[in-house]
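To start, the structure itself, in structure tokens.
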Amino acid sequence: MTAVSKSPRIIVALDYASAAPALDLISGLDPKTCRLKVGKEMFTRLGPTFVEKLVGQGFDVFLDLKFHDIPNTVAAACAAAADLGVWMVNVHASGGRKMMVTARERLETLSHRPLLIAVTVLTSLGEKDIAEVGFLGAPADNVIRLARLTHESGLDGVVCSPLEAAEVRPLVGKDFLLVTPGVRPASAAQDDQKRVMTPLDALNNGADLLVIGRPITAADDPQLSLNRIQQEIAGFPGG
Ligand SMILES: O=C(O)c1cc(=O)[nH]c(=O)n1[C@@H]1O[C@H](COP(=O)(O)O)[C@@H](O)[C@H]1O
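The following block contains the structure:
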């Protein structure tokens, strides 16, 4: 497992419909104080060039395409992501052990190897939602099972909600990254997220990296909103 700097802790989820507002926000950001995530919306609209542009500006870029397919396809997609120079890429843990191991082994052959993490249970899902798709038990039970599988598959970490971080941490050790969306400042709307915590509570509960989108990107003043979150966690080590 690659030892990774947990600072800066905030990963801004750039979920915009066009490049302009994203570039406007980024123009005021320092790669030393925040990381960026490009997800399905911006990647589908703007493609690899946009990702390479952010990498070229010195940002750690998390390419969040949540690959979930047969092992060969996922491994090849992860290698394509690595070629863009991204810092981190993700897959769905429910794609299984073979898929995760094959992807990791493929990345290990490359000169630039991004961190590879796996999504456990989406933070937008509650107990009823997961029951409907056939997952037994509470979200936390499923997060724990999938986090163990991801750890055994040799990946660098998981995506989970901050609510589960404290239970997952002892099972995976201190270097395994717990990357948590579902982060909401106390005053922010929950939107479609179901398993949420505030930024400081998330870190105190064992989260390493906080993925935060709309509380920043949909704010009247995104820069101010980010600054406030940074202030909230400033007392936390590496915050
Ligand atoms: O892998 C992710 O980043 C992810 C996993 C998950 O379980 N939940 C989740 O919200 N995300 C992503 O994290 C971001 C959260 O955005 P906000 O809800 O706007 O803060 C979005 O870009 C989601 O695609």
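Its first residue numbered 0, the sequence shown is counted upward by one per residue in numbering that gives the first Met the number 0.
Every residue gets a Cβ at the ideal spot worked out from N, C-alpha and C, and that includes glycine.
Open item on the list: Given this structure, state the Cα-to-Cα distance separating Asp219 from Pro184, to the nearest angstrom.
Closed with: 15 Å
- [ ] Count the other C-beta atoms from every protein chain shown that fall within 10 angstroms of the C-beta of Leu225, then say buried if there are 16 or more, exposed otherwise.
- [x] buried
Task: For Val167, the first and last residue of its enclosing alpha helix (DSSP H) - done: 161-171
Open item on the list: Does Leu162 pass the burial test, meaning 16 or more other C-beta atoms within 10 Å, or should it be called exposed?
Closed with: buried
Task: Three-pair Cβ contact test at 8 Å for the segment 77-85 versus the segment 103-121 - done: yes
- [ ] Would you give the residue range spanned by the beta strand (DSSP E) that Ser63 belongs to?
- [x] Sequence inspection shows Asp at residue 63; the Ser mentioned does not correspond to that position. That run of the beta strand (DSSP E) goes 60-66.
Task: beta-carbon Thr149 near ligand 1 non-hydrogen atom, thresh 6 Å - done: no
Open item on the list: Given a cut-off of 7 Å on the beta-carbon distance, is the pair Phe66 and Ala76 in contact?
Closed with: yes
Open item on the list: Taking only three categories from DSSP, how would you classify Ala117?
Closed with: strand
- [ ] Decide if the segment 124-142 is in contact with the segment 199-211; the criterion is three or more beta carbon pairs, one per stretch, under 8 Å apart.
- [x] no
Open item on the list: Here's the rule I'm using: 16 or more other beta-carbon atoms within 10 Å means buried, otherwise exposed. How should Asp191 be labelled?
Closed with: exposed
Task: Thr122 beta carbon near ligand 1 (any heavy atom closer than 6 Å) - done: yes
Task: Same chain only: Cβ atoms within 8 Å of Arg147, ignoring 5 sequence neighbours per side - done: Leu170, Val171
Task: For Ser186 and Arg105, the rounded distance between their alpha carbons - done: 43 Å
Open item on the list: Which of the three DSSP states is assigned to Ala18 in this structure?
Closed with: helix
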